[in-house]
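**Student:** Sending over a structure as structure tokens; questions will come in a sec.
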Amino acid sequence: DAKTTQPPSMDCAEGRAANLPCNHSTISGNEYVYWYRQIHSQGPQYIIHGLKNNETNEMASLIITEDRKSSTLILPHATLRDTAVYYCIVRGSYTGNQFYFGTGTSLTVIP
Amino acid sequence: GAVVSQHPSWVICKSGTSVKIECRSLDFQATTMFWYRQFPKQSLMLMATSNEGSKATYEQGVEKDKFLINHASLTLSTLTVTSAHPEDSSFYICSARGGTSGRDTQYFGPGTRLTVL
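Chains as they are written, first to last, in my numbering: chain U, 1 to 111; chain D, 1001 to 1117.
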């Protein structure tokens, strides 16, 4: 079962930073936070993941609160191609590695 | 790197027939692959976990005799929908687990759209 809560939808102006929140208040110590996105009728695309430290890659930054109960995915300069459904997933490293997707956040980047 | 393919990308079949969907990890070996199903305007639902050389583990409520999974090699898993019916029409997506220890993740295929008439 999904262990995360995300707002159902968000809008962001093109060129601005998109900040997508995720609540995972029941996360346990060995569970990672993963972010994926899915553009319509395609398979999910990996964005980033982390355990407790903030992470950054060429796509995005992941900010995890100190208590690890929530996180924020930041797309620094949103483009129209970033319009997608974004999924935040919590996965344990010793629990079979299954992903249980929640409902995600539908991000619309507005010109 | 970390590319996963699926074949076919779409299929239309008659009710009562069986359909096989292939999932391949193209540039890495995957001891574990996963199968998901997604209905319109819904999220992905995990159907089963497929481990190379052993029987798949199905999620609660998924009929293992209807959705046959074979993971015969480190780069190929297949899902066969047996005696398909219109309610089986859906978007089927596979993923393969890859990456180094502690940094591994799932890489998803592009999906297969199944329409049962």
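Here a beta-carbon is modelled for each residue, glycine too, at the ideal position from N, C-alpha and C. Remember, predicted model here, so these are calculated numbers, not experimental data.
#1: Does the separation of the CB atoms of residue 1074(D) and residue 1021(D) fall below 8 Å?
#2: Using a Cβ-Cβ distance under 8 Å, would residue 97(U) count as near chain D?
#3: Which partner residues does residue 13(U) have in the DSSP bridge list?
#4: Smallest Cα separation from residue 1067(D): which of 1016(D), 1113(D), 1048(D) and 1076(D)?
#5: Please name the residue in 65(U), 42(U) and 64(U) whose C-alpha comes closest to that of residue 1036(D).
#6: Tell me, please, whether the segment 99-110 of chain U touches the segment 49-57 of chain U by the rule of three or more beta-carbon pairs shorter than 8 Å.
#7: Would the segment 1025-1032 of chain D count as touching the segment 1091-1098 of chain D if we require 3 or more Cβ pairs under 8 Å?
#8: According to the neighbour-count rule (16 or more other Cβ atoms, all chains shown, within 10 Å of its Cβ), is residue 77(U) buried or exposed?
#9: Looking at residue 1018(D): is its Cβ nearer than 8 Å to the Cβ of residue 1072(D)?
#10: Going by DSSP, what residue range makes up the beta strand (DSSP E) through residue 1072(D)?
#11: Can we say the segment 3-23 of chain U touches the segment 77-92 of chain U, given the rule of at least three CB pairs closer than 8 Å?
#12: Checking contacts by CB at 8 Å: is residue 42(U) closer than that to chain D?
#13: Please compile the residues from chain U whose C-beta is within a distance smaller than 7 Å of the C-beta of residue 1106(D).
#14: So, is residue 1111(D) buried or exposed, given that buried needs 16 or more other C-beta atoms within 10 angstroms?
#15: Between the segment 48-71 of chain U and chain B, which residues of the former have a C-beta closer than 9 Å to a C-beta of the latter?
#16: Does any C-beta atom of chain D lie closer than 8 Å to the C-beta of residue 104(U)?
#17: Along chain U, which residues have their Cβ under 7 Å away from the Cβ of residue 1097(D)?
#18: Determine the DSSP secondary structure at residue 1087(D), reduced to helix, strand or coil.
#19: Would residue 86(U) count as contacting chain D if we go by Cβ distances under 8 Å?
#20: Do you know whose CA, among 111(U), 82(U), 74(U) and 68(U), lies nearest residue 30(U)'s CA?
#21: Where do the ends of the beta strand (DSSP E) carrying residue 19(U) lie?
#22: Taking the straight line between their C-alpha atoms, what separation do you get for residue 1051(D) and residue 14(U)?
**Tutor:** In short, the structure shows the following:
#1: In the second sequence, counting from the first residue as 1, residue 1074(D) sits at position 74. In the second sequence, counting from the first residue as 1, residue 1021(D) sits at position 21. Cβ atoms of residue 1074(D) and residue 1021(D): not closer than 8 Å.
#2: As a first step, residue 97(U) is located in the first sequence; it is residue number 97 there, counting from the start. It does; some Cβ of chain D falls within 8 Å.
#3: As a working mapping, residue 13(U) is identified with position 13 in the first sequence. DSSP output for residue 13(U) lists 110(U) as bridge partner(s).
#4: The residue labelled residue 1067(D) in the question sits at position 67 within the second sequence. Per the Cα distances, 1048(D).
#5: Residue mapping note: residue 1036(D) aligns to position 36 of the second sequence, counting from 1. For residue 1036(D), the nearest C-alpha among the options comes from 42(U).
#6: no
#7: yes
#8: One-based indexing of the first sequence puts residue 77(U) at position 77. Exposed is the call here.
#9: For the purposes of this step, residue 1018(D) is taken as the residue at position 18 of the second sequence. For the purposes of this step, residue 1072(D) is taken as the residue at position 72 of the second sequence. Contact: no.
#10: Numbered from 1 along the second sequence, position 72 holds the residue referred to as residue 1072(D). Taken as a continuous stretch (DSSP letters only), the beta strand (DSSP E) holding residue 1072(D) covers 1067-1073.
#11: yes
#12: As a working mapping, residue 42(U) is identified with position 42 in the first sequence. Residue 42(U) counts as touching chain D.
#13: Indexing the second sequence from 1 puts residue 1106(D) at position 106. Those within 7 Å of residue 1106(D) in chain U are 99.
#14: As a working mapping, residue 1111(D) is identified with position 111 in the second sequence. Residue 1111(D) should be labelled buried.
#15: Protein chains U and D are contained in the structure displayed, whereas chain B is not.
#16: Mapped onto the first sequence, residue 104(U) falls at position 104. True, the Cβ-Cβ gap to chain D drops below 8 Å.
#17: Within the second sequence, the letter at position 97 stands for residue 1097(D). Near residue 1097(D) (Cβ distances below 7 Å), the residues of chain U are 97.
#18: The residue you call residue 1087(D) lines up with position 87 of the second sequence. Looking at residue 1087(D) - three-state DSSP - the assignment turns out to be helix.
#19: Within the first sequence, residue 86(U) is the residue found at index 86, counting from 1. No, because no Cβ of chain D sits closer than 8 Å to the Cβ of residue 86(U).
#20: On the first sequence, residue 30(U) is found 30 positions in, with the first residue counted as 1. Nearest option by C-alpha distance: 68(U).
#21: As a position in the first sequence, residue 19(U) is number 19, starting the count at 1. Where residue 19(U) is concerned, the enclosing beta strand (DSSP E) stretches over 18-23.
#22: Within the second sequence, residue 1051(D) is the residue found at index 51, counting from 1. Within the first sequence, residue 14(U) is the residue found at index 14, counting from 1. C-alpha separation (whole angstroms): 42 Å.
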